[in-house]
Amino acid sequence: MNRRHPIALAVALGLGAIANGLFMLISPANWYFAVPGVTTTGPFNQHFLRDIGLIFLLVGIAMLTGAARPAARVTLWSLAALWLGGHALFHFWEVAVGICGTGALVQDFPAVTLPAILTAALALWAWRDAAGGSRRSHPVEDSRAAQ
Numbered sequence: 021m022n023r024r025h026p027i028a029l030a031v032a033l034g035l036g037a038i039a040n041g042l043f044m045l046i047s048p049a050n051w052y053f054a055v056p057g058v059t060t061t062g063p064f065n066q067h068f069l070r071d072i073g074l075i076f077l078l079v080g081i082a083m084l085t086g087a088a089r090p091a092a093r094v095t096l097w098s099l100a101a102l103w104l105g106g107h108a109l110f111h112f113w114e115v116a117v118g119i120c121g122t123g124a125l126v127q128d129f130p131a132v133t134l135p136a137i138l139t140a141a142l143a144l145w146a147w148r149d150a151a152g153g154s155r156r157s158h159p160v161e162d163s164r165a166a167q
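Its first residue numbered 21, the sequence shown is counted upward by one per residue in the numbering used here.
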């Protein structure tokens with residue numbers, strides 16, 4: 021796979037997470053009423069929304085940093101995928117216990133489940149890319165071995 025595609029996807033996911041996090045931090049009430057389905061999950065809680073906004077901001081920074089720094093990519097993208105995956109699973113749990121109807125899964129898919137799936141795929145790609153890189157020939161090591 022061309023390296024530019026995963027990096028571009030990571031940048032897009034990172035920018036989206038940062039935009040969402042900043043919206044939550046700067047204007048939690050507007051975020052609460054603007055995002056479809058959020059008002060049905062419980063009462064407005066400014067503190068909680070800002071806490072989650074910080075997490076989205078960190079996820080976005082992790083995605084962008086991983087895009088720019090290959091050595092940190094596996095760790096940062098894996099941690100982002102872990103949180104986003106847990107967040108998506110929590111949404112499934114809410115449906116399973118009757119807090120939300122099954123329609124919530126469809127409504128949440130683009131903003132909750134899809135980013136979790138894509139970030140997990142990027143983390144797996146980063147793991148495979150890093151493993152392939154460790155098996156690739158390193159010119160410095162090859163020149164030492166030749167001596």
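Idealized CB from N, CA, C, for every residue including glycine. Only a predicted model underlies this, so the values are computations on that prediction, with no experimental measurement involved.
Item                                                                                                                                                                         : Value
Given a threshold of 16 other Cβ atoms within 10 Å of its Cβ, counted over all protein chains shown, does GLY62 qualify as buried or as exposed?                             : exposed
Note down, one range per segment and in chain order, each alpha helix (DSSP H) of at least 4 residues found wholly within the stretch 81-129.                                : 90-116, 123-128
Leaving out the 5 sequence neighbours to the left and right, which residues in its chain are closer than 8 angstroms to ALA151 when beta-carbon positions are compared?      : none
Which residues in the same chain as VAL94 place their Cβ atom closer than 6 angstroms to its Cβ, once the five residues preceding and following it in sequence are excluded? : ALA146, TRP147, ALA150
Using the Cα positions of VAL117 and GLY57, report the straight-line distance between them to the nearest angstrom.                                                          : 17 angstroms
With a threshold of 8 angstroms between beta carbons, is ALA37 in contact with chain B?                                                                                      : This model lacks chain B altogether; it includes just one protein chain.
Note the first and the last residue of the continuous alpha helix (DSSP H) segment covering ARG23.                                                                           : ARG23 -> no alpha helix (DSSP H), and no H or E assigned at all.
Can you tell me whether ASP128 is buried or exposed? The criterion is at least 16 other CB atoms within 10 Å of its CB, across all chains shown.                             : buried
With a threshold of 8 angstroms on Cβ separation, who are the neighbours of TYR52 within its own chain once the five nearest residues in sequence on each side are excluded? : VAL58, THR59, PHE64, LEU69
Excluding sequence positions up to five away, which residues of its chain have a Cβ less than 6 angstroms from the Cβ of LEU96?                                              : ALA82, THR85, GLY86
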